[in-house]
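A.B. asks: Under the numbering used here, the letters of the sequence shown match residues 2 to 401, in that order. From the three backbone atoms N, C-alpha and C, an ideal C-beta is built for every residue, glycine too. Below is the structure I would like to discuss, written out as structure tokens.
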Amino acid sequence: MVFQKYRPSKQWGKMDTRIFKAILEARNKRKMPSFQVPDALKALGVEVYDPNSPDFPTPRELPSPVIDHPAFKVNTPQDHPLYKAVKCALFDGTEPFTDGIDQACALTNAVRRPQFPSSIAEKASKIQLPRDFEGHLRDLIMHGERYDPTLEKLPKRHDPVLFWIRHPRVYGTPVVKKNNIVLDNLYRSILLTAIQHDQLEFLRCDRDEPLSGALNFGGEFEKRPFVIRCQPHLVIQSPVPIQPWADKDEVNKTKEEMVPDVTPIDPRIDLTEDNIYNTEAVVPRNRFHLHLDTIMWTREQDQKYPWTREQNAANAVMYCFCAALVEATRKGIPSSSLLATPVTTRAVQIVDGRLDLVVFQLNTLDLSRASTVKNIVWVEPDICRRHFFTRNISITCDVI
Numbered sequence: 002m003v004f005q006k007y008r009p010s011k012q013w014g015k016m017d018t019r020i021f022k023a024i025l026e027a028r029n030k031r032k033m034p035s036f037q038v039p040d041a042l043k044a045l046g047v048e049v050y051d052p053n054s055p056d057f058p059t060p061r062e063l064p065s066p067v068i069d070h071p072a073f074k075v076n077t078p079q080d081h082p083l084y085k086a087v088k089c090a091l092f093d094g095t096e097p098f099t100d101g102i103d104q105a106c107a108l109t110n111a112v113r114r115p116q117f118p119s120s121i122a123e124k125a126s127k128i129q130l131p132r133d134f135e136g137h138l139r140d141l142i143m144h145g146e147r148y149d150p151t152l153e154k155l156p157k158r159h160d161p162v163l164f165w166i167r168h169p170r171v172y173g174t175p176v177v178k179k180n181n182i183v184l185d186n187l188y189r190s191i192l193l194t195a196i197q198h199d200q201l202e203f204l205r206c207d208r209d210e211p212l213s214g215a216l217n218f219g220g221e222f223e224k225r226p227f228v229i230r231c232q233p234h235l236v237i238q239s240p241v242p243i244q245p246w247a248d249k250d251e252v253n254k255t256k257e258e259m260v261p262d263v264t265p266i267d268p269r270i271d272l273t274e275d276n277i278y279n280t281e282a283v284v285p286r287n288r289f290h291l292h293l294d295t296i297m298w299t300r301e302q303d304q305k306y307p308w309t310r311e312q313n314a315a316n317a318v319m320y321c322f323c324a325a326l327v328e329a330t331r332k333g334i335p336s337s338s339l340l341a342t343p344v345t346t347r348a349v350q351i352v353d354g355r356l357d358l359v360v361f362q363l364n365t366l367d368l369s370r371a372s373t374v375k376n377i378v379w380v381e382p383d384i385c386r387r388h389f390f391t392r393n394i395s396i397t398c399d400v401i
């Protein structure tokens, strides 16, 4: 008798396991019909007990889990000591701007300059860099990219094309910590280099401190305040304010320029609604005579819904505007919307290894279209190259 050994057509794989689990889950969701008391018993008035009930045959009395103690009280937003019932239009950097930089300019009543002024570039070219500056810069970047010994479980990798593939979990330095190390090293290197030439000795730096500013001038914001909140990694302050990059003649020329029009999109469409908590500006070292100089922070991209370059640059513009607004209102809201002395602040944002440099000059607090004078913003987006967060680079030729 011929005996043929059984051989499966294909090996049982993980796809079959997923199908089996899906079938089992669907089968478990189908419930049996519940027991119905017959009409004859209902007519007799017989009381029917459920034998599966924990109170069968005699009901039991359980102690109430509710304890009248503050530790067991669920806090509500109204319990916050700074809570106010007034609603506001809030920007906190969680929602991307639909129309990018143009929408940010329309919201802040600003005109965009594509490049930094030539005078700033000339001053930067006169700075004497130390020897082997590229090697030093390479070490600064590699400290965050490879030299840091942190081993934390990184998020699951999501491939937008092969979205059904399950990638193995890897361990390493999180994106935010990695980029914050790079920002810390850059700031420390610039500061130590300047101190050797008796410069920048007066800077003060705070880490992970909140910034918040509120504005009531102009248009809809007169009845519904405009609030901006952020928490940059580095808040650098100086006793000497930054000199305005645009003089009075350039500021007056903005009267003839037009703010980007994003019609039919409302510039306020991506603002969220929240309650006001701080009516005054929130800034570290507020009791000292200091001025906001530069803010630096890191933003982590969402793998499934990443922001575009324009949206990242718009986020940097709004953060820089927040710093300028806080600087203008830290000693109280000015009586006039037109500032006698423009406020200039700088911002550095790093997203996936890409640097966005923004400088915002706040000339007026009136953000409505009726304002003749406009604010000015300089944007240098997307300076470095991007690499995936699971990639552990060994050289910086693809970064610098």
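Measuring from the CB of L272, is there a heavy atom of the ligand NAP at a distance below 7 angstroms?
C.D. replies: The ligand NAP is not part of the structure shown, which contains no ligands of any sort.
A.B. asks: Just verifying my parser: in three-state terms, what is the DSSP assignment at L1?
C.D. replies: What the structure shows of the chain is the stretch from 2 to 401, and residue 1 is not part of that stretch, so it cannot be assessed.
A.B. asks: Please classify A105: does DSSP put it in a helix, a strand, or coil?
C.D. replies: In this structure, A105 counts as helix in the three-state DSSP scheme.
A.B. asks: With DSSP as the reference, please indicate the residues paired to G173 in a beta bridge.
C.D. replies: For G173, which the question treats as bridged, DSSP gives the partners E153.
A.B. asks: From which residue to which residue does the alpha helix (DSSP H) around N376 run?
C.D. replies: Element bounds for N376: not the alpha helix (DSSP H) but the beta strand (DSSP E), N376 to E381.
A.B. asks: Thinking L201 and L192 are a contact (beta carbons under 8 angstroms), I'd like their distance in whole angstroms, please.
C.D. replies: The pair is a contact, with the Cβ atoms about 6 angstroms apart (cut-off 8 angstroms).
A.B. asks: Would a C-beta distance cut-off of 8 angstroms place C321 and R225 closer than the cut-off?
C.D. replies: Taking 8 angstroms as the Cβ cut-off, C321 and R225 do not qualify as a contacting pair.
A.B. asks: Among all the DSSP beta bridges, which residues are the ones paired with Q238?
C.D. replies: R205 and L293.
A.B. asks: What residues are listed by DSSP as bridge partners for E210?
C.D. replies: The partner list for E210 (beta bridge, DSSP) is empty, contrary to what the question assumes.
A.B. asks: Anyone know if the C-beta pair for E311 and I102 falls short of 8 angstroms?
C.D. replies: In contact: E311 and I102 (Cβ atoms closer than 8 angstroms).
A.B. asks: Could you tell me if E135 is buried or exposed, where buried requires 16 or more neighbouring beta carbons within 10 angstroms of its beta carbon?
C.D. replies: When all chains shown are included, E135 counts as exposed.
A.B. asks: Is the separation between the beta-carbon of N279 and that of P78 shorter than 8 angstroms?
C.D. replies: Going by C-beta atoms, N279 is not nearer than 8 angstroms to P78.
A.B. asks: Would you mind stating whether N376 and T299 have Cβ atoms separated by less than 8 angstroms?
C.D. replies: No, the Cβ-Cβ distance between N376 and T299 is not below 8 angstroms.
A.B. asks: Would you please state the rounded distance, in angstroms, between the beta carbons of H290 and P211? I believe it to be under 8 angstroms.
C.D. replies: About 21 angstroms separates the two Cβ atoms, so there is no contact after all.
A.B. asks: Between the C-alpha atoms of M2 and I20, what's the straight-line distance to the nearest angstrom?
C.D. replies: For M2, the pLDDT reaches just 42, beneath the cut-off of 50, and the residue's location in the model is therefore unreliable, leaving the point undetermined.
A.B. asks: Can you give me the C-alpha to C-alpha distance between L272 and N53, rounded to a whole angstrom?
C.D. replies: If you take the alpha carbons of L272 and N53, they lie about 52 angstroms apart.
A.B. asks: I need the DSSP call for R355, collapsed to helix, strand or coil.
C.D. replies: Three-state result, R355: strand.
A.B. asks: Can you give me the C-alpha to C-alpha distance between P150 and V378, rounded to a whole angstrom?
C.D. replies: Spanning the two alpha carbons is a distance of roughly 39 angstroms.
A.B. asks: Opposite A283 in the DSSP bridges: which residues?
C.D. replies: The sequence as given places Val at residue 283; Ala does not occur at that position. Partner(s): S213.
A.B. asks: Report the CB separation of Q302 from D357 in whole angstroms; it is logged as a contact under 8 angstroms.
C.D. replies: With 8 angstroms as the limit, Q302 and D357 do not qualify as a contact, their Cβ atoms being about 13 angstroms apart.
A.B. asks: Suppose the cutoff is 7 angstroms on Cβ atoms and the five residues either side in sequence are ignored; what does the same chain contact list for D17 look like?
C.D. replies: Cβ within range, chain order: n/a, list empty.
A.B. asks: So, is G173 buried or exposed, given that buried needs 16 or more other C-beta atoms within 10 angstroms?
C.D. replies: So G173 ends up on the buried side.
A.B. asks: Per DSSP, what are the beta-bridge partners of L339 in this structure?
C.D. replies: Looking at the DSSP assignment, L339 forms a beta bridge with T365.
A.B. asks: State yes or no: is the C-beta of T365 within less than 8 angstroms of the C-beta of V374?
C.D. replies: Going by C-beta atoms, T365 is nearer than 8 angstroms to V374.
A.B. asks: According to DSSP, is I270 part of a helix, a strand, or is it coil?
C.D. replies: Residue state, collapsed to three classes: coil.
A.B. asks: Just how far apart, CA to CA, sit M319 and R147?
C.D. replies: Between M319 and R147, the C-alpha separation is close to 32 angstroms.
A.B. asks: Residues in the same chain with beta-carbon distance under 8 angstroms from H438, minus the five sequence neighbours each way, listed in chain order, please.
C.D. replies: Nothing in the structure corresponds to residue 438, since the chain is present only between 2 and 401.
A.B. asks: Between I121 and R355, what straight-line distance do the alpha-carbon atoms span, to the nearest angstrom?
C.D. replies: Spanning the two alpha carbons is a distance of roughly 22 angstroms.
A.B. asks: Sort V177, R205 and P175 by Cα distance to Y188 and report the nearest one.
C.D. replies: Selected option, being the one with the closest Cα: R205.
A.B. asks: By alpha-carbon positions, which one of T309, S337, D294 and F92 ends up nearest to E274?
C.D. replies: The option with the nearest alpha carbon to E274 is F92.
A.B. asks: At which residues does the beta strand (DSSP E) containing V112 begin and terminate?
C.D. replies: Where V112 is concerned, the enclosing beta strand (DSSP E) stretches over A111 to R114.
A.B. asks: Using three-state DSSP, classify N276 as helix, strand or coil.
C.D. replies: N276 falls in the strand class under three-state DSSP.
A.B. asks: Could you give the C-beta distance for I296 and P233, rounded to a whole number, given that I count them as a contact under 8 angstroms?
C.D. replies: Yes, I296 and P233 are in contact; Cβ-Cβ is about 4 angstroms, under 8 angstroms.
A.B. asks: I need the DSSP call for V344, collapsed to helix, strand or coil.
C.D. replies: Three-state result, V344: strand.
A.B. asks: For I128 and D199, I'd like the C-alpha separation in whole angstroms.
C.D. replies: Approximately 13 angstroms between the Cα atoms of the pair.
A.B. asks: If you compare alpha carbons, which of N186, L108 and A247 is closest to M143?
C.D. replies: Nearest C-alpha to M143: N186.
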